[in-house]
Amino acid sequence: MYDLPSEFPEELGLPDQFHELQPTLLSITCKPSNYPPEDCLTAQDLNVYYDPHHTLWHKRPDWFLVLGATHVDQQDQLRWSYVIWQEGISPFLVVELLSPGTEAEDLGRSSMRLADKPPSKWQVYEQILQVPFYAVFDRIQNQFRLFILTGGRYQEQDLPERRFWFEELGLGLGVWTGPYRGVNGRWLRWYDADWTCIPTPAEEAERERQRAEAAEAALNQAQSAAQQAQEEAIRNFLAMGLDVSQIAAALGVSEALVQRVRDGLGD
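Here the sequence shown stands for residues 666 to 932, where the numbers follow the working numbering.
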């Protein structure tokens, strides 16, 4: 599918389908083992205001994670935006999903900053917010890149297996190929210490269904095996000449069952 250019070259545009699916997948599976859920804020396409001297300047990360953010439990407290001078905590991780129109800014390749113009995303994340971890994912090129803030500058990490382990989170992040919400493709996913994908609620429900079916099948098989063993014991006692009541008493079964097995021998 193709994205056609806008008649308004300056407009930022709206998120495409992938920019809705991928951030949602990151949010619903982001479960750091070292932090309780109420201490983790995940957001997608939420404006981040970063400069108290230019209160209209903002960036809109495709997805970000804040550790230690103030938890809200009432609908009227939900954030309209993330204002850094009010929150007091910068994001721990920002993820940008590359597209031809945003690649230059996302990777710091845009033109030099002018004094009266807002900085690029890269400049904001690296120099102003000083976000410790910055990830970019290009689904078309199947490229996952991660940068760590070191000495005030981002240093790209070598990711031969296209994944990275976050010690602070007790989680890994990497590229996974498979279906999500009925769409096959490459996705950024969270992993546990065994590099197993953290399941989505739908995946967990499917696993529970499969476990329940397997348990039921195992129970049915065990019951069938027990019944067969019971009937075999009845046949053995019948061959020894014991009567129905004796066999029932010896095996602790009903006389009706013994009679049914005996009747079956005559067929």
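Quick reminder that beta carbons are idealized off the backbone N, C-alpha and C, glycines included.
Check, Outcome
"Label I912 either buried or exposed according to how many other C-beta atoms from any shown protein chain fall within 10 Å of its C-beta, with 16 as the threshold for buried.", "buried"
"In angstroms with no decimal places, state the Cα-to-Cα distance between I813 and V759.", "11 Å"
"Apart from the five residues just before and just after L930, which ones in its own chain have a Cβ nearer than 6 Å to its Cβ?", "none"
"Measuring straight from C-alpha to C-alpha, what distance separates Q886 and Q924?", "24 Å"
"CB-CB under 8 Å to A734, same chain, minus the five flanking residues each way: which ones, in chain order?", "D704, C705, L706, E752, I754"
"Alpha carbon to alpha carbon, how far is P783 from E833?", "31 Å"
"Rounding to the nearest angstrom, what Cα-Cα distance links L884 and V801 in this structure?", "48 Å"
"Smallest Cα separation from E821: which of Y714, E791, N849?", "E791"
"Can you check which of these residues, T689, Q682, F683, is closest to T865 by C-alpha distance?", "T689"
"Identify the continuous beta strand (DSSP E) that holds T707 and give its terminal residues.", "705 to 708"
"If I measure Cβ to Cβ from Q682 and keep anything under 8 Å in the same chain, skipping five residues before and after, which residues do I get?", "none"
"Three-state secondary structure (DSSP) at K782?", "coil"
"Of the residues Q875, R927, E881, which one's Cα is nearest the Cα of A898?", "R927"
"Checking 7 Å against the spacing of the C-beta atoms, do L838 and D803 come in under that value?", "no"
"Measure the alpha-carbon distance for Q875 versus Q806 and round it to whole angstroms.", "35 Å"
"Counting Cβ pairs, one atom from each stretch, are 3 or more of them under 8 Å apart for the region 737 to 749 and the region 710 to 723?", "yes"
"Note down, in chain order, each residue of its chain lying with its Cβ closer than 7 Å to the Cβ of Y799, except the 5 sequence neighbours on either side.", "V759, Y790, F812, Y819"
"Which word fits T694, buried or exposed, when buried means at least 16 other C-beta atoms lie within 10 angstroms of its C-beta?", "buried"
"Please go through the same chain and pick out, in chain order, the residues whose beta-carbon is closer than 6 Å to the beta-carbon of R872, but skip the five residues on each side of it.", "none"
"Can you give me the Cβ contacts of P844 inside the same chain, cut-off strictly under 7 Å, excluding the 5 residues immediately before and after it?", "none"
"Across which residues does DSSP place H723 in a beta bridge pair?", "Y714"
"In whole angstroms, what is the alpha-carbon distance linking L669 and T767?", "Its pLDDT being 46, under 50, L669 is placed unreliably in this model, and the value from its coordinates should be taken loosely. Cα to Cα, L669 sits roughly 15 Å from T767."
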